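*Asks:* Just so we're aligned, residue 161 is where the sequence shown starts under the working numbering, counting upward by one.
Ideal placement from N, C-alpha and C gives every residue a C-beta, glycine not left out.
In this text the structure is predicted, and so the values were computed from the model without any measurement.
Dropping the structure in here first, questions after.
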Amino acid sequence: MSTTEGKAHGDASRRDAHTRRQAELPDRLQAAGGMIEGAATQVAGETEGSEAAAFGVASFYSLLARPHQKVRVCTGLSCRMKGADDVLAAAEAAGLPVEECSCLAACDVPPAVLKDRVTLPEVSSADMRATKGDWSALVSSSERVHATDDVNEVTWCGDIGPVDADPATLSINMGAAEDYSGAGLAKAGELSDEAFFDELEASGLQGRGGAGFPAHIKWRAVAGQPVTERFVVLNADEGEPGTFKDRELMMRRPDLVIEGLAIAARAVGADAIYLYLRGEFQVPRERLEHAVAQFEKAGLIDGLQFHMHEGQGSYICGEETALLEALEGKRGMPRLKPPFPVEVGLWGKPTLIHNVETIACVPAILAKGGAYFKAQGRDEAGAKLYCISGHVARPGTYELPLGVTLDELVEAAGGYVGELKAFCPGGASAGFLPASERSRPLDYKSLAEVGSMLGSAGVVVLNDTVDMRWACLEQLRFFEEESCGQCAPCRIGTRYLRESVDRDVAGDCQSNGDSALAHVDDVAWQMGEGSICGLGQIAALPLTSARQYFPADFATAGEQT
Ligand SMILES: Cc1cc2nc3c(=O)[nH]c(=O)nc-3n(C[C@H](O)[C@H](O)[C@H](O)COP(=O)(O)O)c2cc1C
Ligand code: SF4
Ligand code: FES
């Protein structure tokens, strides 16, 4: 080895060691107890980094930043409609170390509460009172949770449907038994690279994480990069209010997720797969680990390494580049795009990153064919997992043709509770639509036509008891809380919008006598134009859509429902 080569080799291994230590930072901070006295100093010493860097990471993530808050009550829209405020007040009155938190991906079993890092469904005020101030004694008296705090005994599964579905119309089929035969993997092994990508293209599969981007384009792009080291990343950070399908899927069909990841890794030439799960998904994590073990036992995933990564509490880490930053052990702040992850992703290498549901569709596409998958949808391809919560009889996750209407979805979920007033078709990011849109197909194109989106397909139904100003205030609070603060239009705009609605509620005017909401459209425009990522670009939509469709709710001093 020449001196230059030796120096280059030394630099590379020093860089690798540094990269590894940086990536361990959040886990080490968790082990040190989060942001408590001395933790940043200790972790800085362990990782040979600066105290400021350790402090910067610890203060970014909610589970690290406030480790003493052992009870967190979700005050997202679906949970507040089911009495989360009362549950929070009962927890405070019981003397529990409690705070509010954003959506826990359990909107089908509200109000949801996080106990340390485990989500409890349907927690009541009586459950809080029964603790007598000892957070470790908190149990949900709902029937889904046994009277134990052993996480393995929490079933974690919600309702699924439609109950009478013909299995031939389902690509995922959450009610079926797990299948470790590896039929999709075997079929993928028989196809040439081109034939494989053609099959994926024929399926019409669009990313299920929100943007609906055609999957085959990303796969071809990663496979075609002139770099040997590549990664596959699973985005299981599900946190969009109203969305819980990925949780349900990982619980019921972890086999499909792991098989889909293995197929993806082989197709794009990666051997390392990173699974990023939000920190609250400890039980889904166990299910995925179980599935990896089953495939290993069957000898079907030789040569592939599966790395599990636990998030530390941050909605923005669901944005793909923020997620990559978080995996690298940094504050989860979105990167500027381009370059896109398919070219410059995890540690600068080409990276295929997908949502849990997108990946879980892949085994069926291989085993049954692209044309079969495509035919399950209407105008757009495939069957789709829709989450439904709010004012419906049977909240849950429903696998239906992509493009069903709200009325069809709600029929599968047992019908409306009360008279439909409005709905969010795809989580908080999609804003609100009025009842008159109930027959619009819930697909990517049809919802974009009315300035909304399918997003994560987190459908929240609101009946005519709901004041839309109150509902939009709830969504604005969420975006203000979850903005990473990196860019000014989003950081300042999310706060300005929330404060404007607060002033509208209080009946206050601007100092010059203008109405409290006089400037919100200008601010919304600036946020849309000037924000780095999707959060800031759409954060005004709950307000602008609610004002567009329900002006009367803003003209009066309506009370909370
Ligand atoms: C603010 C924000 C939050 C997001 N959260 C998630 C998420 O929790 N899960 C997810 O799969 N995609 C999320 N996305 C979309 C991802 O950035 C990315 O598009 C997706 O992981 C790509 O996978 P797909 O092609 O399978 O959809 C989010 C995007 C934004 C802008
Ligand atoms: S738009 Fe908001 S969340 Fe996105 S990078 Fe900017 S400040 Fe962060
Ligand atoms: S879990 Fe509370 S709104 Fe989603």
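With C-beta atoms as the reference, is glycine 489 less than 8 Å away from glutamate 470?
*Replies:* no
*Asks:* With respect to the alpha helix (DSSP H) encompassing phenylalanine 638, which residues constitute its N-terminal and C-terminal limits?
*Replies:* Note, phenylalanine 638: alpha helix (DSSP H), 628 to 642.
*Asks:* With H, G and I counted as helix, E and B as strand and the rest as coil, what does DSSP make of glutamate 689?
*Replies:* In the structure shown, glutamate 689 falls within a helical segment according to DSSP collapsed to helix, strand and coil.
*Asks:* Report the option in Ala588, Ser612, Glu571 and Val619 whose CA atom is closest to the CA atom of cysteine 547.
*Replies:* Val619
*Asks:* Using a 10 Å radius around the Cβ and a threshold of 16 neighbouring Cβ atoms, would you call aspartate 415 buried or exposed?
*Replies:* buried
*Asks:* Is DSSP giving threonine 721 helix, strand or coil here?
*Replies:* Because the pLDDT at threonine 721 is just 36, under 50, the model does not fix this residue reliably, and the value given afterwards should be weighed accordingly. Of the three classes helix, strand and coil, the one that applies to threonine 721 here is coil, per DSSP.
*Asks:* Taking 8 Å as the threshold (C-beta atoms), are arginine 368 and threonine 511 in contact?
*Replies:* no
*Asks:* At least one CB of chain C closer than 8 Å to the CB of glutamate 398: is that the case?
*Replies:* Of the protein chains in the structure, only one exists, and it is not chain C.
*Asks:* Do the region 380 to 396 and the region 419 to 434 touch if we need at least three Cβ pairs shorter than 8 Å?
*Replies:* yes
*Asks:* Please find out if some non-hydrogen atom of ligand 3 comes closer than 7 Å to the beta-carbon of cysteine 660.
*Replies:* According to the sequence shown, residue 660 is serine rather than cysteine. Incorrect: serine 660 has no Cβ contact closer than 7 Å to ligand 3.
*Asks:* Evaluate proline 725 with the Cβ neighbour count: other Cβ atoms within 10 Å of its Cβ, from every protein chain shown; 16 or more gives buried, anything less gives exposed.
*Replies:* Given a span of 161 to 721 for the chain in the structure shown, any question on residue 725 remains unanswerable.
*Asks:* Would you grab the beta carbon distance between serine 284 and valine 247 for me? Rounded to a whole angstrom, and I think it's under 8 Å.
*Replies:* 7 Å
*Asks:* Are there three or more Cβ pairs, one per stretch, closer than 8 Å when the region 657 to 671 is compared with the region 636 to 648?
*Replies:* yes
*Asks:* Is the region 480 to 500 in contact with the region 450 to 460, if contact means three or more CB pairs nearer than 8 Å?
*Replies:* No, the region 480 to 500 is not in contact with the region 450 to 460.
*Asks:* Kindly indicate the opening and closing residues of the alpha helix (DSSP H) around threonine 654.
*Replies:* 648 to 666
*Asks:* Do the region 489 to 501 and the region 217 to 224 meet, that is, are 3 or more Cβ pairs less than 8 Å apart?
*Replies:* yes
*Asks:* In terms of alpha-carbon separation, which member of Ala177, Arg226, Val231 and Glu197 lies closest to glycine 209?
*Replies:* Ala177
*Asks:* Quick one: residues in its chain with C-beta nearer than 7 Å to the C-beta of alanine 553, no 5 flanking neighbours on either side, listed in chain order?
*Replies:* Ala573, Gly574, Gly575 and Val577
*Asks:* Report the three-state DSSP secondary structure of tyrosine 221 (helix, strand or coil).
*Replies:* coil
*Asks:* For lysine 292, which of helix, strand or coil comes out of DSSP?
*Replies:* coil
*Asks:* Sorted by chain position, which residues of the same chain lie with C-beta nearer than 6 Å to glutamine 454's C-beta, five sequence neighbours on each side aside?
*Replies:* Tyr340
*Asks:* Excluding five sequence neighbours on each side, which residues of the same chain lie with their C-beta closer than 7 Å to the C-beta of leucine 345?
*Replies:* Glu419, Ala422, Ile423 and Leu460
*Asks:* For phenylalanine 533 and leucine 280, I'd like the C-alpha separation in whole angstroms.
*Replies:* Answer to the nearest angstrom: the Cα atoms are 35 Å apart.
*Asks:* Quick check on alanine 424: does DSSP put it in helix, strand or coil?
*Replies:* helix
*Asks:* Between arginine 232 and alanine 254, is the Cβ-Cβ spacing less than 8 Å?
*Replies:* no
*Asks:* Considering just the uninterrupted stretch of the beta strand (DSSP E) at phenylalanine 391, what are its terminal residues?
*Replies:* 391 to 396
*Asks:* Secondary structure at alanine 432, three-state DSSP: helix, strand or coil?
*Replies:* The answer is strand: DSSP assigns alanine 432 an E or B state.
*Asks:* So, glutamate 540 versus glycine 563, is the Cβ gap smaller than 8 Å?
*Replies:* Judged by beta-carbon spacing, glycine 563 lies within the 8 Å limit of glutamate 540, meaning their Cβ atoms are closer than that value.
*Asks:* Going by Cα to Cα distance, which pick from Ile652, Asp674, Asn672 and Phe710 is closest to leucine 695?
*Replies:* Ile652
*Asks:* Whole angstroms is fine: what's the gap from valine 570's alpha carbon to glycine 321's?
*Replies:* Roughly 11 Å separates the two Cα atoms.
*Asks:* Roughly how many whole angstroms lie between the Cα atoms of methionine 410 and alanine 266?
*Replies:* 13 Å
*Asks:* Pair every Cβ in the region 444 to 453 with every Cβ in the region 365 to 379, then say whether three or more of these pairs are closer than 8 Å.
*Replies:* Contact between the region 444 to 453 and the region 365 to 379 is absent, because fewer than three Cβ pairs lie under 8 Å.
*Asks:* For valine 665 versus arginine 629, is the C-beta spacing smaller than 8 Å?
*Replies:* yes
*Asks:* Grouping DSSP H, G and I as helix and E and B as strand, with all else coil, what is valine 443?
*Replies:* Here valine 443 sits in helix by DSSP.
*Asks:* Check the C-beta distance from glutamate 184 over to threonine 201 and give it rounded, since I have them as a contact under 8 Å.
*Replies:* 16 Å between Cβ atoms; not a contact.
*Asks:* Tell me, which residues are paired with glutamine 366 by DSSP?
*Replies:* Pro374
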